[in-house]
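Please read the structure below before turning to the comments.
Residue numbers (my numbering): 2 to 302.
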């Protein structure tokens, strides 16, 4: 089994080595959640994990690698544990994911601050910084590919061009929030507004019209936006399920781990049939309430 962090492959030669690395990452995630990245010392991390500092450096190379892999693994587990209504390649799907991810970030400031500190540090390894950036570009990729395939991008706007701007905007906004320049309750709107501004300025035809309509609804707090935002917010059950998934002990075995995850999700208040039905209803309401620019213009005439 191989795993790569910023282009640095790690080969597991035995179950004990694999378990040791997973234990380091579990302890790192716990320490980041408790006190943030500034208080994360290699000495204390190794002491809590029960390993020598040499073992950590041999396995990961640096503390920044530990932080990056710990947070990216949690992010992957979170994305796998939540319920999404819309496909990633649609505009609604991108907005839904931004609302869910960034409403989660307001509940996990220490995790977001940790990854942004690595990304913004002048001392960070370039490959490591690129690995962090890839988290965002991969999230936008299906949507941008759809725009390119449908000839929805304006002339001289390439997929790489718009993706770079979207990622830079997202991380700049998150950095402002991490240092306290943006209040928690405004983070989701600020990230979504920046996303929609870039999409509206970079697309044409119906894609541009849809982005402009969503931007108008957001800025004016229209019912369509407020309903959609409420529907897409991260729920406590989803957040807890992600935590439980990412902190599972590997040595318990796959069968036991799956049984524990199912029980924990139920106890955490995961989606029931009624909850999912409610979400579907909210999504339909948001979509129905939001009128297209053409229909809106017709009704005003």
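Note that beta-carbon positions come from the ideal geometry of N, C-alpha and C, so glycine has one too.
Every value quoted in this text rests on a predicted model; they were computed, and no experiment measured them.
Whether residue i touches residue j by CB criterion (8 Å)
{"i": "residue 204", "j": "residue 168", "result": "no"}
{"i": "residue 97", "j": "residue 90", "result": "no"}
{"i": "residue 64", "j": "residue 43", "result": "yes"}
{"i": "residue 68", "j": "residue 25", "result": "no"}
{"i": "residue 216", "j": "residue 197", "result": "yes"}
{"i": "residue 219", "j": "residue 190", "result": "yes"}
{"i": "residue 195", "j": "residue 153", "result": "no"}
{"i": "residue 34", "j": "residue 112", "result": "yes"}
{"i": "residue 27", "j": "residue 60", "result": "no"}
CA nearest to the CA of residue i, picked from the options
{"i": "residue 231", "options": "92, 99, 43", "result": "99"}
{"i": "residue 70", "options": "215, 49, 136, 187", "result": "136"}
{"i": "residue 170", "options": "182, 143, 199", "result": "199"}
{"i": "residue 178", "options": "128, 214, 59, 118", "result": "118"}
{"i": "residue 372", "options": "45, 110, 93", "result": "What the structure shows of the chain is the stretch from 2 to 302, and residue 372 is not part of that stretch, so it cannot be assessed."}
{"i": "residue 173", "options": "155, 156, 193, 201", "result": "193"}
{"i": "residue 46", "options": "131, 29, 61, 157", "result": "29"}
{"i": "residue 115", "options": "221, 23, 36", "result": "36"}
{"i": "residue 176", "options": "214, 120, 141, 88", "result": "120"}
{"i": "residue 148", "options": "201, 31, 62", "result": "201"}
{"i": "residue 92", "options": "182, 141, 221", "result": "141"}
Residue range of the alpha helix (DSSP H) that includes residue i
{"i": "residue 110", "result": "110-121"}
{"i": "residue 231", "result": "224-233"}
{"i": "residue 55", "result": "54-61"}
{"i": "residue 196", "result": "188-203"}
{"i": "residue 130", "result": "127-150"}
{"i": "residue 175", "result": "160-179"}
{"i": "residue 211", "result": "206-220"}
{"i": "residue 156", "result": "It is not in any alpha helix (DSSP H) - residue 156 carries neither H nor E in the DSSP assignment."}
{"i": "residue 43", "result": "43-50"}
{"i": "residue 101", "result": "92-106"}
Close-in-space but distant-in-sequence residues of the same chain around residue i (CB under 7 Å, 5 per side omitted)
{"i": "residue 18", "result": "none"}
{"i": "residue 145", "result": "160, 163, 164"}
{"i": "residue 158", "result": "203"}
{"i": "residue 143", "result": "89, 90"}
{"i": "residue 125", "result": "65, 119"}
{"i": "residue 133", "result": "69, 116, 119, 120"}
{"i": "residue 155", "result": "203, 204, 205"}
{"i": "residue 226", "result": "218, 219"}
{"i": "residue 107", "result": "185, 188"}
Contact set for residue i: own chain, Cβ-Cβ below 6 Å, skip 5 residues either direction
{"i": "residue 235", "result": "101, 104, 105"}
{"i": "residue 166", "result": "199"}
{"i": "residue 95", "result": "144"}
{"i": "residue 272", "result": "Unreliable positioning characterises residue 272 in this predicted model, as indicated by a pLDDT of 42, which lies under 50. The coordinate reading is nonetheless provided below. Taken in chain order, the residues that qualify are 84."}
{"i": "residue 49", "result": "28"}
{"i": "residue 81", "result": "none"}
{"i": "residue 32", "result": "41"}
Own chain, CB closer than 8 Å to residue i, minus 5 neighbours either side, in chain order
{"i": "residue 151", "result": "208"}
{"i": "residue 54", "result": "43, 44, 47"}
{"i": "residue 264", "result": "Here the model assigns residue 264 a pLDDT of 38, short of 50, so the residue's position is not dependable, and the following value carries that caveat. Here the set comprises nothing."}
Open item on the list: For the pair the region 210-222 and the region 59-79, tell me if three or more CB-CB distances fall below 8 Å.
Closed with: no
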